[in-house]
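Number of protein chains: 2
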Amino acid sequence: MTPANPDAWTQLPEGSPALACVDIGGTKVAVSMADHRGISGKVSEPTAKEGTRDALAVQIIRLIGESCLAAGIPVSSVGAVGVSSCGPFVLNEGLVELAAPNICGGLAGKARGLPNDWMSALLEAPLRAAFKNVRVENDGVGALEAERRWGALQGVSNCAYVTWSTGIGMGVCVDGHILRGKNGNAGHLGHTFVVEDNEALCGCGLRGDVEALVAGNAIPRRFGAQGYADASALFAAARAGDAQAIDIIDTLCKVMGRALFNVTALFDLQRISLGGSVFWHNQDYLLPRLQAFMQGKLPALTSGLEIVPAGLGERVGDLAALALVMR
Amino acid sequence: MTPANPDAWTQLPEGSPALACVDIGGTKVAVSMADHRGISGKVSEPTAKEGTRDALAVQIIRLIGESCLAAGIPVSSVGAVGVSSCGPFVLNEGLVELAAPNICGGLAGKARGLPNDWMSALLEAPLRAAFKNVRVENDGVGALEAERRWGALQGVSNCAYVTWSTGIGMGVCVDGHILRGKNGNAGHLGHTFVVEDNEALCGCGLRGDVEALVAGNAIPRRFGAQGYADASALFAAARAGDAQAIDIIDTLCKVMGRALFNVTALFDLQRISLGGSVFWHNQDYLLPRLQAFMQGKLPALTSGLEIVPAGLGERVGDLAALALVMR
């Protein structure tokens, strides 16, 4: 599905102001610049989680400067900043702050061992003080816009992009309209309940939500003691015929299958595109199992639904922020 | 919340063509007429479930004639027909047919004892052959439009109306846009999975979905043997202090609470309005329990969310079809 020359998409018309593309994850922050040459100057660091509540915003402003330097672009010529970020968001006087469980230590108490007690991290206010045009969206929305523009969701009016990665995220489009909701948090599939489980603790403080059960960061917590240090160890064992690993993955697929079924029933979708590191590196194993879960369940809702790998593959994250600000 | 003179809403401007309002439920079909005098001529019958696949549409066309007669309106002066119907819908050449579990016996096999083997019931095609302007929507969408126009959801851009009745239904509005999806089925909350249960059979053929667990028609199936013949018997016992009935209702509230939480996380809502016979007659008992379930869960998603009784109360269903066709 990926075209031969993906970089051509990212080239702005000659003379356009440069765009800064910021991707905020629970683990790392990446910044790159787009201009008529395409994307360049990518820099990244572990996400700032210590100090004052503006530490992350300060880091981003510094990284935009470093990315400009690396790309040979004067920071004064940055025309817009697109920010694709993990959530959830809270709004403070209309400006986005992050209440992200993998960043803010105040949300799940001390249980997750984060080095801060933030209930939210400042984001949009400091960025707007530094740059004129800033657009901040949930990373699910950014990825969805990228998949709709360049990937597997082109021309599909009712669709979702779901990421199965360190966390679980989603962006949804219904009737051609990309959903945001009151704080820009529509699509928080990771924080929904689909089975009974009162043990697995999510970073958000809930127990037994989808993210607590199947996300990449849940695998060592839940199955480390059984010898599976992370997702790749678990899938390697299953591929080698380890019955326990196969059982565990079947359980993960049931949770994710239910989550995708719920989404289908609630949004009445035509196509779901899947990405994220856990899915992407194991799509041959996971895709047929997820498709089989859906098969025959309430055909009025599921027939006509396609579940496909992300057209942009592992580049979805990189292109999400660009999709938010590119004309 | 209900204004003093609800009938004033339903009065069309003098000289407007009359509107036929059709409400299709799994148990009964009701038809009434609206003109400059308001709503009149209401007729209703048990939903047609025997004979050929057009039996329901034939019944509706006949009932529109009878309603016109009762209201003193010539059937030739009907300007539009609004149809608010239980779903799910399937589209056949762009026209709605019903694949509703409480109507079509073919969907859950013989398990539900319906007197037909229909996989879908004809609806929009025969109606359009008889009338010029026909608008068919999911009853969740109809009720939502009524609640947004006259009820508890006026002026709220991110909201849902949820009915807890014989079945479970929903209509959702995000960013001011009422969601439909590829076949007009967005909002099928009843057919989502929120807990583990492999026993309770839904009319749609699924086991353990929300509707199979908590809907009005699930109560006799699940708890009849324990002495609770229906929802009102169950709630009467709980109010009289019956510990078993209280436990059962707590479990129902947990399922419904999870369903409402999921909806909040997926659509990022400001307000959810609740109606339907099970909820409406027991709102003093249910509302505080549902609100308590939400309390403190992932505040970035739930804070600012209000859960309220339907502003239109038991009239939501009656006004849903009118809201679909009234200018």
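Residue numbers (the numbering used here), protein chains in the order written: chain L, 914 to 1240; chain Z, 914 to 1240. Where is the CB? At the ideal position from N, CA and C, for every residue including glycine. Small disclaimer: the values here were computed from a predicted structure and weren't measured.
{"Query": "Does the separation of the CB atoms of Z:Gly892 and Z:Gly1053 fall below 8 Å?", "Result": "Limits of chain Z in this structure are 914 at one end and 1240 at the other, which puts residue 892 of chain Z out of reach."}
{"Query": "Just the chain L side, please: which residues come within less than 8 Å of Z:Phe1206 by C-beta, in chain order?", "Result": "Ordered by position in chain L, no residue passes the 8 Å Cβ test against Z:Phe1206, which lies about 11 Å from the chain."}
{"Query": "Is there a Cβ from chain L that is less than 8 Å from the Cβ of Z:Thr1164?", "Result": "no"}
{"Query": "Taking Z:Glu1010 and Z:Ala1043 to be in contact with their CB atoms under 8 Å, please state how far apart those CB atoms are, rounded to whole angstroms.", "Result": "About 16 Å separates the two Cβ atoms, so there is no contact after all."}
{"Query": "Can you give the Cα-Cα distance for Z:Leu1126 and L:Arg975, rounded to whole angstroms?", "Result": "53 Å"}
{"Query": "Take L:Ala1038 and list the residues in its own chain whose beta-carbon comes closer than 6 Å to its own, dropping the five residues that flank it on each side.", "Result": "Leu1008"}
{"Query": "So what does DSSP say about L:Leu1147, is it helix, strand or coil?", "Result": "helix"}
{"Query": "Determine the direct distance from the alpha carbon of L:Phe1136 to that of Z:Gly1224, and round the result to whole angstroms.", "Result": "48 Å"}
{"Query": "I want to know whether the region 999 to 1006 of chain Z touches the region 1205 to 1224 of chain L - three or more CB-CB distances under 8 Å.", "Result": "yes"}
{"Query": "Z:Trp1077 to Z:Ala1142, Cα distance in whole Å?", "Result": "17 Å"}
{"Query": "DSSP three-state call for L:Asp1242: helix, strand or coil?", "Result": "Given that chain L is displayed from residue 914 to residue 1240, the structure contains no residue 1242 of chain L and the question cannot be resolved."}
{"Query": "Taking 8 Å as the threshold (beta carbon to beta carbon), is L:Pro960 in contact with chain Z?", "Result": "According to the sequence as given, residue 960 of chain L is Thr; it is not Pro. With 8 Å as the cut-off, L:Thr960 does not count as an interface residue toward chain Z."}
{"Query": "For L:Arg1093, is the classification buried or exposed, using 16 other Cβ atoms within 10 angstroms of its Cβ as the cut-off for buried?", "Result": "buried"}
{"Query": "Once you ignore the five residues that flank L:Phe1106 on each side, which residues in its own chain have a CB closer than 7 Å to its CB?", "Result": "Gly1121, Asp1122"}
{"Query": "Got a sec: is the Cβ-Cβ distance from Z:Asn1046 to anything in chain L below 8 Å?", "Result": "no"}
{"Query": "Taking 8 Å as the cut-off, decide whether the C-beta atoms of L:Ala1243 and L:Val1176 are in contact.", "Result": "Nothing about residue 1243 of chain L can be reported from this structure: the residues present for chain L run from 914 to 1240 only."}
{"Query": "Assuming Z:Gly939 and Z:Cys999 make a contact with CB atoms under 8 Å, what is their CB distance in whole Å?", "Result": "5 Å"}
{"Query": "Apply the 10 Å Cβ neighbour rule to L:Gly1068 and answer buried if 16 or more other Cβ atoms are within range, or exposed otherwise.", "Result": "exposed"}
{"Query": "Any residues in the region 1095 to 1108 of chain Z with a beta carbon nearer than 9 Å to a beta carbon of chain L? Which ones, in chain order?", "Result": "Lys1095, Asn1096, Gly1097, Asn1098, Ala1099, Gly1100, His1101, Leu1102, Gly1103, His1104, Thr1105, Phe1106, Val1107, Val1108"}
{"Query": "Does L:Lys1210 come within less than 8 Å of chain Z when only Cβ atoms are used?", "Result": "yes"}
{"Query": "Apart from the five residues just before and just after L:Gly951, which ones in its own chain have a Cβ nearer than 6 Å to its Cβ?", "Result": "Asp920, Thr923, Gln924"}
{"Query": "Look at L:Leu1232 and L:Trp1063 and say whether their C-beta atoms are less than 8 Å apart.", "Result": "yes"}
{"Query": "Which residue's Cα is closest to the Cα of L:Glu927: L:Gly1018, L:Gly1100, L:Ala947, L:Tyr1074?", "Result": "L:Ala947"}
{"Query": "Who are the Cβ neighbours of Z:Ala943 in its own chain at under 6 Å, not counting the five residues just before and after it?", "Result": "Asp936, Ser957"}
{"Query": "By alpha-carbon positions, which one of L:Ala968, L:Gly985, L:Leu969, L:Gln972 ends up nearest to L:His1265?", "Result": "Examination of residue 1265 of chain L is not possible in this model, given that chain L is present from 914 through 1240 alone."}
{"Query": "Going by the DSSP bridge assignment, what does L:Tyr1141 pair with across the sheet?", "Result": "The partner list for L:Tyr1141 (beta bridge, DSSP) is empty, contrary to what the question assumes."}
{"Query": "Find the nearest neighbour of Z:His1194 within the set Z:Val1168, Z:Phe1180, Z:Arg1184, Z:Pro1222, judged by alpha-carbon distance.", "Result": "Z:Pro1222"}
{"Query": "Terminal residues of the continuous alpha helix (DSSP H) containing Z:Trp1063?", "Result": "1052 to 1063"}
{"Query": "In the DSSP assignment, what residue or residues form a beta bridge with L:Tyr1198?", "Result": "Answer is none; L:Tyr1198 lacks a bridge partner."}
{"Query": "Select from Z:Glu1227, Z:Gln1183, Z:Glu1058 the residue whose C-alpha is nearest the C-alpha of L:Ala1099.", "Result": "Z:Gln1183"}
{"Query": "Got a sec? Which residues, its chain only, sit under 6 Å from L:Val1238 by beta carbon, not counting five neighbours each side?", "Result": "Leu932, Ala993, Gly995, Arg1048"}
{"Query": "Starting from L:Ile1081, trace the beta strand (DSSP E) both ways and give me its first and last residue.", "Result": "1081 to 1087"}
{"Query": "Suppose you measure from the CA of L:Glu963 to the CA of L:Gly1116; what does that come to, to the nearest Å?", "Result": "17 Å"}
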